[in-house]
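Residue numbers (numbering that gives the first Met the number 0), protein chains in the order written: chain X, 0 to 40; chain V, 0 to 581.
Ideal placement from N, C-alpha and C gives every residue a C-beta, glycine not left out.
Written out below as structure tokens is the structure these notes cover.
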Amino acid sequence: MSPIQQEKIPVFKKWRYWYWLVIGFLLLLMVLFYLFTKHFA
Amino acid sequence: MNFSRLDWTVLILTLTLIIVYGVYRSRTSKNLEGYLLSDRQMPWWIVLLSIMGTQASAITFLTAPGQAYSDGMRFVQYYFGLPFAMVVVCIAFVPVFHKLKIFTAYEYLEQRFDVKTRLLTSFLFLLSRGISTGISIVAPAIVLHSMLGWDILFTNLFMGGLLIIYTVSGGAKAVAYTQQLQFIIIYAAMFIAAWWALKMLPQGIGITEALHIGGKSGRLNVITTGVTDKGFDWKDKYNIWSGVIGGFFLAVSYFGTDQSQVGRYLTARNEQESKIGLLMNGLVKVPLQFCILLIGVFLFAFYQFNKAPAYFNLAQEKTVKQSVNAREFAAADQQFQQIQDEKRKTVTALGTALQQDNKPAVDQLRTKLQEQQQQAQVVRDSIQNIVKKTIPDSEGNDTNYIFLRFVGDYLPNGLVGLIIAIIFLASWSSIAAALHALASCTMVDFHKRLRKKAATPLQEYRWSQTYALIWGLFCIVVAQFSYNLGNSLIEAVNILGSWFYGTILGIFLVAFYLKRVGGSAVFTGAILAEITVIVVYSLNLFSFLWLNVVGAVCVVVYASLAHILFFAKNKTAPTQPKLKTQ
């Protein structure tokens with residue numbers, strides 16, 4: 000595998016977007032869990 | 000619990016499949032890189048499944064549904080720090096480890112500090128992981144002993160012995176590929192069990208109604224703040240703050256500095272594959288854990304319509320029924336069943352009210368259900384006290400047995416065998432990775448580092464296999480001795496980890512971010528931090544998750560102070576690894 004291929008980041012252009020996706024998804028889950036708790040209580 | 004011939008067949012076939020597959024996939028280069036790191040050839044999805052399989056032990060699958068049944072779903076918050084941790088590990092740890100082409104995380108510490116810091120950190124890891132792996136073997140063995148009457152020594156030897164076969168022979172590659180298959184079987188079986196519980200609900204009660212029953216009984220408390228009338232409760236184990244902050248420190252330490260996890264993502268074919276594996280873990284871990292806990296809520300709903308045992312540990316229930324406290328137990332049991340009968344009427348009416356969207360009736364029935372739930376809990380507490388009184392060694396805690404009791408009482412033959420098989424598979428998955436990590440550190444950090452005579456690649460390969468075997472046998476011996484810990488052993492594993500993880504993480508934080516602090520300062524700081532953690536734990540000031548924060552912060556503070564007060568005069572710059580950190 001060449002160095003150029005090794006540097007290629009899947010899906011996004013920068014790793015930063017991956018990090019935001021992971022954290023954003025967690026925050027979304029927290030909101031959904033909160034609504035879930037409220038709704039069924 | 001009835002374990003039929005069909006169950007035995009399913010159990011033996013499933014275990015044989017895993018061992019044969021593990022041995023089949025174990026062909027690898029006969030050198031250190033092949034045995035310890037699968038020649039660094041793994042794609043990201045194998046890394047992901049391997050990371051998840053290493054983290055989730057048998058106890059995860061046994062305890063989580065029981066936890067949701069008895070305490071609600073708030074346990075999921077324990078994992079909220081994990082996605083943040085995955086990001087930090089990808090930014091700070093993975094690039095360094097890949098660029099240095101290291102075998103163990105602690106190798107980096109010698110390049111950054113000195114050999115004594117590397118050996119201290121590796122020793123702390125070996126100590127905590129060696130003991131906790133032994134306890135991990137005995138935990139499911141105790142549950143199987145209680146539910147099926149299996150001999151604990153035999154179960155330990157059987158579970159540990161079979162695992163050693165493929166771990167010793169195949170190394171990292173066998174561990175990774177078997178974890179992939181184990182993961183698929185485990186989750187498939189868990190979802191079949193959940194589906195079965197839902198299928199056995201009465202006519203007209205579906206998933207939505209089951210969730211309403213759980214929610215109105217306080218079982219869907221996914222988000223809790225830990226704030227009481229007296230302010231924030233620092234001893235509350237699971238709330239959003241302890242989960243995000245304590246869980247974050249625990250997860251960074253676990254994924255960044257614990258060789259059983261580092262060894263998994265170092266098998267990736269490059270840095271990108273490691274990062275994607277870790278980030279995908281950050282994406283899927285919380286939802287998957289949520290689903291496992293949801294099984295406990297479905298069990299709770301199921302037991303509102305079916306006869307629920309007042310106490311789920313079959314073996315202990317039997318002992319109490321044969322003791323002088325049998326009459327007291329029978330009276331409490333009868334009282335519990337009367338409350339259950341009343342609850343059944345309430346939840347049936349609640350189901351009807353929900354279908355008719357009759358909100359005033361729903362509110363009224365919810366209040367009634369909560370009162371009945373509290374009454375049932377009081378009786379269950381009194382039953383647990385009777386058990387504690389009769390069996391002083393027991394904690395009277397039956398959380399670990401709730402799911403298996405359901406499996407034994409209600410699932411069909413064959414499926415029972417499959418569920419017992421997943422207990423073995425989940426155990427093997429995490430224990431194999433731990434054994435492999437213990438062998439890696441012993442070989443690379445101690446044997447290879449301290450032995451002056453050079454060895455051939457084949458000799459190094461054989462030595463690594465020998466260490467994996469020795470650690471396997473050590474863990475089986477620890478399992479035998481830790482049997483007396485009883486139910487508290489699950490918590491013992493978590494507490495033991497929290498004693499050391501914070502300190503190990505602190506050492507790495509100093510290595511990455513306090514570039515002027517050298518080896519002697521961090522070594523001193525680590526020793527003092529470890530003492531502080533033990534003192535804080537002894538004083539019972541916080542719940543165990545916070546010990547990770549205490550350990551990490553103490554190392555950073557003490558090492559900085561030691562550097563300023565004692566070591567800054569030695570102007571020799573600390574050795575820095577030649578690499579670019581991102």
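- Ranked by Cα distance from Tyr-512 of chain V, the options V:Gly-213, V:Val-552, V:Leu-449 are led by V:Val-552.
- Residues of the region 253-285 of chain V with a C-beta less than 8 Å from any C-beta of chain X: Arg-268, Asn-269, Glu-270, Gln-271, Lys-274, Ile-275, Leu-278, Gly-281, Leu-282, Val-285, listed in chain order.
- Shown here, Thr-53 of chain V sits in a helix according to DSSP, grouped into three states.
- Close to Ile-222 of chain V, with beta-carbon spacing below 8 Å, are these residues of chain X in chain order: Met-29, Phe-32, Tyr-33, Thr-36.
- Leu-410 of chain V sits buried, since 16 or more C-beta atoms from the chains shown fall within 10 Å of its C-beta.
- At least one CB atom of chain X sits nearer than 8 Å to the CB of Leu-219 of chain V.
- Ranked by Cα distance from Val-261 of chain V, the first of V:Leu-313, V:Lys-100, V:Gly-395 is V:Lys-100.
- Non-local C-beta neighbours of Asp-113 of chain V in its own chain, meaning closer than 6 Å and more than five positions away in sequence, comprise Gly-518, ordered along the chain.
- Within the region 333-414 of chain V, the runs of alpha helix (DSSP H) at least 4 residues long that lie entirely inside it are, in chain order, 358-389, 401-409.
- Straight through space, the alpha carbons of Lys-320 of chain V and Leu-449 of chain V are spaced by roughly 58 Å.
- Against Lys-215 of chain V, the close residues of chain X are Phe-39, Ala-40, in the order they occur along the chain (beta-carbon pairs closer than 8 Å).
- Cβ contact annotation for Phe-543 of chain V (same chain, cutoff 7 Å, sequence separation greater than five): Asn-493, Ile-494, Ser-497, in chain order.
- For Tyr-18 of chain X, a Cβ of chain V is located within less than 8 Å of the residue's own Cβ.
- For Thr-266 of chain V, the secondary structure class from DSSP, reduced to helix, strand or coil, is coil.
- Linking Asn-412 of chain V to Trp-195 of chain V through their CA atoms gives a straight-line distance of about 13 Å.
- Contact annotation for Phe-11 of chain X against chain V: no contact, minimum CB-CB distance about 11 Å [criterion: below 8 Å].
- Shown here for Ile-422 of chain V: same chain residues with a beta carbon closer than 6 Å to its own, the five before and five after excluded, namely Ala-57, Pro-139 in chain order.
- If you ignore the 5 residues before and after Gly-203 of chain V, its C-beta comes within less than 7 Å of the C-beta of Gly-350, Gln-354, all in its own chain and listed in chain order.
- The Cβ neighbour count for Glu-32 of chain V, taken over all protein chains shown within 10 Å, is at least 16; the residue is labelled buried.
- For Tyr-105 of chain V, there is no enclosing alpha helix (DSSP H), as DSSP gives it neither H nor E.
- Contact with chain X is found for Pro-82 of chain V, since one of that chain's Cβ atoms lies less than 8 Å from the residue's Cβ.
- In chain order, Leu-25, Met-29 make up the part of chain X whose C-beta sits under 8 Å from the C-beta of Phe-79 of chain V.
- Taking the C-beta atoms as reference points, Ser-429 of chain V is found nearer than 8 Å to Gly-52 of chain V.
- Remark: C-beta atoms of Val-93 of chain V and Lys-274 of chain V approach each other more closely than 8 Å.
- Residue ranges of uninterrupted alpha helix (DSSP H) with 4 or more members, entirely inside the region 28-85 of chain V and ordered along the chain, are 31-36, 43-54, 57-70.
- Taking the C-beta atoms as reference points, Asp-444 of chain V is found no nearer than 8 Å to Thr-116 of chain V.
- Counting of Cβ neighbours within 10 angstroms places Ile-475 of chain V among the buried residues, the total reaching 16 or more.
- A contact between stretches requires three or more CB pairs, one per stretch, nearer than 8 Å, and the region 430-442 of chain V fails this requirement with the region 71-85 of chain V.
- A distance below 8 Å between beta-carbons, with the five flanking residues on each side excluded, links Leu-508 of chain V to the following residues of its chain, in chain order: Ala-551, Val-554, Val-555.
- Secondary structure of Thr-227 of chain V (DSSP, three-state): strand.
- Going by DSSP, Arg-4 of chain V is part of the alpha helix (DSSP H) stretching over 4-23.
- For His-97 of chain V, the enclosing alpha helix (DSSP H) starts and ends at 93-99.
- Taking the Cα positions, Gly-416 of chain V is about 9 Å away from Ile-11 of chain V.
- For Leu-210 of chain V, at least one C-beta of chain X is nearer than 8 Å to its own C-beta.
- At a Cβ-Cβ threshold of 8 Å, Ile-222 of chain V and Tyr-33 of chain X count as neighbours.
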